Every structure is written in C-alpha cells, then in structure tokens.
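Under this note's numbering, the first residue of the sequence shown is numbered -18, with each subsequent residue one higher. Even for Gly, the Cβ is constructed at its ideal location relative to N, Cα and C. None of the values given here were measured: they were computed from a predicted structure. Since the structure comes first, as structure tokens, the remarks are kept for the end.
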Amino acid sequence: MNATLNLKTSSSIRRLFALMAFTLAALVPGLAWADEWVADQLRGNVLVFSSGDWVQLERGDIVDDDRYIRTMGSGRVTFMRGNEVIEMAGNTQMRIKDSNGRQFTTVLQDFGTVSIEAEVQNVQHFAVETPFLAAVVKGTRFTVSVGNDNASVKVDRGLVEVQDHMHGMKTFVPAGQRAKVQQNRAMQISGSGQRYMFIADNGELMTPADADDKVRSGGNNNNPGGGNNSAANQDQAVANNNSNANSGNGGSGNGGSGNGGSNNSGGNSSNNASAKSNNG
-18 MNATLNLKTS
-8 SSIRRLFALM
2 AFTLAALVPG
12 LAWADEWVAD
22 QLRGNVLVFS
32 SGDWVQLERG
42 DIVDDDRYIR
52 TMGSGRVTFM
62 RGNEVIEMAG
72 NTQMRIKDSN
82 GRQFTTVLQD
92 FGTVSIEAEV
102 QNVQHFAVET
112 PFLAAVVKGT
122 RFTVSVGNDN
132 ASVKVDRGLV
142 EVQDHMHGMK
152 TFVPAGQRAK
162 VQQNRAMQIS
172 GSGQRYMFIA
182 DNGELMTPAD
192 ADDKVRSGGN
202 NNNPGGGNNS
212 AANQDQAVAN
222 NNSNANSGNG
232 GSGNGGSGNG
242 GSNNSGGNSS
252 NNASAKSNNG
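Spelled out as structure tokens, the structure:
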C-alpha cells in the first residue's frame, strides 16, 4: 500500500515539474530544456524500471538518465526535449543516456524500433547504439530496428554514419537508403542514390561489394557489439521481453540487457561524403 502511494506521489511530482517547465518555456522565448526527456505522447502499456520494479509511465513524466524504458505490444511513446524527438514503437526496450560535460545523447537500444528526430548541429551529437551497429548523426531523422540477429537503419532525412560492430567497418547512409547489419554479410545498403565507400577500422576504403566479399571469406567478422556489447546481452534482452512485464501490470523483473556506451560515437568523419563509391 505504502509502495503504491509512494509511486503515485513520485509520478505526480514528476508531472508537476514537467508542467512547470512547459509553462516556463512558453513564457520565456528561446528557453531550452536542460537535459530532460519528457513523455509527450503516450498510449498503451509503457513501463519504466524504477527502484527494482517495472512501473507504468505516465504522460508528462520526466525520464531519468540511463533508465530502462519498455513498450509492450500495444505501447507507443514519444519523448521530447526541445526540438528533438525519440519515438518508441511497440515491443521495444531502450535507455537514454546524456554524456556529462558535453552535449551528446546516446540511445541504448536492446530490441524493437526507435525513430529519432535530431536537431541539426555542426558536430555529431546524437547516437543510437545496438548490439550490432551504431548510428551517429549531426542532425537528421532516422529509424533503427533491432531483431534477434540483425539490425537496420532507415534514413528519412540527412546523412547518418552507420558503424558496423560485427565486421569492424562503417559507412554513410543518406536519405532514402537503408543499412542492414547481420552476421555473415557485410553491411547491406538498399534504396536509391549513390553508395558511399566503406571504411574499415584500419582506415582501408572498400566498395560495398568488396566489403561483402571480404566478410564472406572470413576477413572481417567480429562479435556483435564492437567490444561494448555482446550476443549474450541481446539474448538476455529478448528473454526479458518475455518476462513478467508481459503481464501488462509492470511486475517485478530486471532491467534487461544493457548496451555499452557509444562506441566511437564521435566517429572520425573526415572520410565523410568524399568517400563515395564510384560504382554506385
């Protein structure tokens, strides 16, 4: 009884602070959010892991840094911070982590589908990390989907640096294209437009076709996670998705599997758009 009362009180306080912040932002033009991600739109069953239990997330709640958030099958939630947006589809688990001392946000995504609207800046400041790949941006709109043995990035606007943790290479994916990372193939690029060259961890430039040949021959084949994540993490995360949270009431459980922090999230982008493939 007391635990339920405390949770309701805590939720009410968070919503009150969120309302005060919204009001202040409206009264003071140009006022930006500090580092607070607010549940702006929410429907269905959305849970947050707090004090050892999964509890229901409410519209207007502020999500603490590095807190596990999970949507069930019917759950959808949109988080906002200023002009930036994070949307979670159903059956998705993630955390939001803001780096201390610099403006860099990392979404640590275990499974499911997350869409990002990142404000345009002159430097890379936003990343999504999964067990298979990382997507790092200066400002764009893109969607990351994570399955049991693969992950993909679909770019709707701007340019996204996609780092393939499994095979130690990266490339740039423009709007209208999709990158997919899986075990036995190099990163697969689909969609319209010119393809960018792949850049191996040792700096070697390769066409997408050459990269695929190298992976198929066993030349580049790392464990998922690029040193920060593991297949075991992903397996645990998927297992957690079928845990007590499926009861829909946010029963007890653990926080699911974590991903590492941004793996070279800053990325050395000096080989940027100029490193395009000549063969498209």
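Residues near residue i by beta carbon distance below 6 Å, same chain, minus five either side
i: GLN163; result: ASN131
i: MET187; result: PHE179
i: SER96; result: GLU68 and THR124
i: LEU140; result: PHE153 and PRO155
i: ASP216; result: Residue placement at ASP216 cannot be trusted, given a pLDDT of 41 that sits under 50; the coordinates are not used to answer.
i: GLU185; result: none
i: GLN22; result: THR59
i: ARG138; result: THR121, ARG122 and ALA156
i: GLU100; result: ASN64, GLU65 and GLY120
For residue i, the three-state DSSP class (helix, strand or coil)
i: GLY145; result: Here residue 145 turns out to be Asp, not Gly, going by the sequence shown. Strand, per DSSP.
i: GLN217; result: Confidence in GLN217 is poor, its pLDDT being 46 and thus under 50, which makes the residue's placement unreliable; the coordinate value appears in the next sentence. The answer is helix: DSSP assigns GLN217 an H, G or I state.
i: ASP46; result: coil
i: ALA115; result: strand
i: ASP191; result: helix
i: VAL36; result: strand
i: LEU12; result: Residue placement at LEU12 is flagged as unreliable, the pLDDT there being 42, under the threshold of 50; the coordinate-derived value follows with that caveat. LEU12: coil per DSSP, three-state reduction.
i: ARG138; result: strand
i: VAL196; result: helix
i: SER171; result: strand
i: VAL104; result: coil
i: TRP18; result: strand
i: ARG176; result: coil
i: ARG51; result: strand
Integer-rounded CB distance, given that residue j should sit under 8 Å from residue i
i: ILE180; j: LYS151; result: 5 Å
i: MET168; j: ASP145; result: 5 Å
i: VAL117; j: GLN105; result: 5 Å
i: ARG122; j: GLU98; result: 5 Å
i: VAL58; j: LEU38; result: 7 Å
Counted within 10 angstroms of its Cβ, other Cβ atoms place residue i as buried (16 or more) or exposed
i: GLN90; result: buried
i: GLY120; result: buried
i: SER133; result: buried
i: ASN129; result: exposed
i: SER126; result: buried
i: ASN64; result: exposed
i: ARG62; result: buried
i: ARG197; result: exposed
i: GLN74; result: buried
i: GLY56; result: buried
i: GLY93; result: buried
For residue i, the residue or residues it bridges with in DSSP
i: SER133; result: SER126 and LYS161
i: GLU68; result: THR59 and SER96
i: ARG24; result: ARG57
i: VAL88; result: ILE77 and VAL109
i: VAL154; result: VAL141
Spatial neighbours of residue i in its chain, beta-carbon cut-off 8 Å, leaving aside the 5 residues before and after
i: SER173; result: GLY157 and GLN158
i: GLY46; result: Here residue 46 turns out to be Asp, not Gly, going by the sequence shown. These residues qualify, in order along the chain: ASP16, ILE77, LYS78 and ASP79.
i: ALA108; result: PHE85, THR86, THR87, VAL88, ALA115, ALA116, VAL117, VAL118, SER243 and SER246
i: LEU8; result: A caution first: LEU8 carries a pLDDT of 49, below 50, which makes its placement in the model unreliable, though a value can still be read off. The answer is none, since no qualifying residue turns up.
7 Å CB neighbourhood of residue i in its chain, flanking five on each side removed
i: ARG83; result: none
i: ASP193; result: ARG166 and ALA167
i: LYS135; result: PHE123, THR124 and ARG159
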